[in-house]
Amino acid sequence: MRIGIIGSGGREHAICASIKKSKKIEKIYCFPGNAGTDKIAENVSIDLNNFEIIKNFIHENNIELIIVGPEKPLVDGLVDYLEKYKIKVFGPNKLASQLEGSKIFTKKLCEKFKIPTAKFGIFENIESSKKFLNEVTFPTVIKADNLASGKGVYICNSLSEAMLAVEEIFNGKFGPTKNLLIEEFLDGEEMSFFVVCDGKSFKTFDTAQDHKRVLEGDKGKNTGGMGAYSPSRLITKELENKVIDRIINPTLKGLEEIGTNYKGFLYAGLMIVKNEPYLIEYNVRMGDPECQTILPKLKTDLFDVIIAATDGKLDNLKIEWEDLKSLCVVVCSKGYPDEFKKNIELENIKNVYENKHNYLFHAGTKKENNSVYATGGRVLNFVSTSNDFSEARKNIFENINKLNWSNGYYRRDIGYKVIK
Ligand code: AMP
Ligand code: GLY
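Positions in the sequence shown are counted from 1; adding 1 to them yields this note's numbering.
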């Protein structure tokens, strides 16, 4: 089959590499891909906002299935658009993508279906927000309603921090917004829980924990993710059942009630408080870097999983995993998530080794005249699988040393909760 993958991050390179192993794949196109996908697929530089150009390319090149990696095209309705032209797509439609596109949509669903989540209020202007803030205890959480690449969330320790957050959000820091959320602060440990859905049923798709902050000790600014490990140290059969019964099932039922269904990966960002799960947020896609961390453990052909989900046939599929631990360390450009230099050559990337247990997934890279350049904030993902997390991390550090990139930065403490 001829496949197209939308996106250019580490997640998409990992999906591309995993799919490539399937005997059923004839050719892969990546829109627009990176220097990593360039080695195993054809990268196509295309404007992802122009659905018509994407559709025409798909038709002209007889691409039979499209996998959408990132949230933006999903929230913008790419799936609905392509399906209108009879193109097979793996990913949720525009309405279901509101689970990530609007935090208020999700909160209202939680309210209606009694899904455990932080207590919250919705506010429409600076005055009413500030009035409410005078009555809350700190820390408190303030969130922009719209997509903000993980940056629209403020954990505020004081009234003055909270007032500033309210002003920044309503002054349009994350784009025009009509509302913000003020939420109770949940004190627990986070876990990423994934399922894959086919519109009728779903299968669990492993767990992970990621490190969102840029600095060691989980300090500093929020990023897209500086590393992850899988499985989560918190997951047990009992907890999994609670998540499915109290969070996943009522969510899918809620979508059904508003006349839609869910197809694709669904990512529940959870806070586990005393072994009880609370939904912090939904993402309508795999996590990044959780995807890179999880996929190397997948025994079942990823293409079989995706095509079964797309065709509504997940029920008949058993998804199997290697009984291994997996860890991922992200190497980013120094300065990320603020200013960083672009187009810096990764001179020693050829020295990095890859084998059955060690993987290199590109994110913000491009290839030019046979050299690889760093173009983004998060640049490379080093993943290793092993019987223990400590061994996996040791192998990653060895490999990062081979990269020997003076403009790169990475956290040396990824997985500290599972490594003594
Ligand atoms: P979100 O974009 O909603 O996932 O929020 C980003 C991060 O903020 C989460 O990964 C949590 O670390 C933190 N966070 C969000 N909401 C809460 C909450 N109600 N209580 C504690 N931490 C939160
Ligand atoms: N790792 C967090 C995310 O993908 O949103």
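For glycine and all other residues, C-beta sits at the position ideal for the given N, C-alpha and C.
Since we're looking at a predicted model, the values are computed, not measured.
- CA-CA distance, ILE105 to GLU53, rounds to 30 Å.
- For SER103, same chain residues with a beta-carbon under 8 Å away, outside a window of 5 residues either side, are ASP146, ASN147 in chain order.
- The C-beta distance from LEU267 to MET192 rounds to 14 Å, too long to fall under 8 Å, and the pair is not in contact.
- Spatial neighbours of ASN400 in its own chain (CB-CB distance under 7 Å, excluding positions within 5 residues in sequence) are listed in chain order as VAL353, TYR354, ASN359, PHE383.
- Selection PHE91, PRO278, LEU381, ASP339 evaluated against LEU187 yields PRO278 as nearest (Cα-Cα).
- The C-beta distance from ILE116 to LEU240 rounds to 15 Å, too long to fall under 8 Å, and the pair is not in contact.
- Rounded to the nearest whole angstrom, the C-alpha separation of ALA364 and TYR30 is 16 Å.
- For ALA97, the distance from the CB to the nearest heavy atom of the ligand AMP is not below 6 Å.
- Any heavy atom of the ligand GLY counts here; residues with a Cβ closer than 5 Å to one of them, in chain order, are ASP211, GLY226, GLY288, ASP289.
- The continuous alpha helix (DSSP H) containing PRO74 extends over residues 72-76.
- Residue state for THR208 is assigned as strand, using DSSP reduced to three classes.
- Here GLU291 really is in contact with ASP211; their C-beta atoms are around 6 Å apart, less than 8 Å.
- In this structure, DSSP gives GLY265 an extended state, which the three-state scheme calls strand.
- Take VAL331, set aside five residues on each side of it, and the residues of its chain with a beta-carbon closer than 7 Å to its own are GLY226, MET227, GLY228, PRO290, ARG379, ASN382, TYR411, in chain order.
- Relative to the ligand AMP, the beta carbon of GLY122 is positioned no closer than 6 Å to any heavy atom.
- For MET164, the uninterrupted alpha helix (DSSP H) run begins and ends at 160-171, by DSSP.
- Counted as a single uninterrupted DSSP element, the beta strand (DSSP E) harbouring ASP199 occupies residues 190-199.
- Taken from the Cβ of LEU187, at least one heavy atom of the ligand AMP lies inside 6 Å.
- Closer than 6 Å to some heavy atom of the ligand AMP: that does not describe the Cβ of ALA393.
- Remark: C-beta atoms of LEU96 and THR301 do not approach each other more closely than 7 Å.
- Annotation for HIS363: the continuous beta strand (DSSP E) segment containing it runs 359-363.
- Taking the Cβ of VAL154 as the reference point, at least one heavy atom of the ligand AMP falls within a distance shorter than 6 Å.
- GLY173 and LEU299 have their alpha carbons spaced roughly 41 Å apart.
- For the alpha helix (DSSP H) assignment, the uninterrupted runs of no fewer than 4 residues enclosed by the stretch 275-336 are, from N- to C-terminal side, 291-295, 303-311.
- In this structure ILE55 is in contact with ILE47, their Cβ atoms being roughly 6 Å apart against a cut-off of 8 Å.
- Here ASN284 is buried. Its C-beta has 16 or more other C-beta atoms within 10 Å.
- For PHE390, the uninterrupted alpha helix (DSSP H) segment begins and ends at 390-404.
- Under the three-state reduction of DSSP output, GLU184 falls in the strand class.
- Excluding its 5 nearest sequence neighbours in each direction, LEU100 has C-beta neighbours in its own chain below 6 Å: THR107, TYR283, VAL285, listed in chain order.
- GLU128 and MET164 have their C-alpha atoms some 10 Å from each other.
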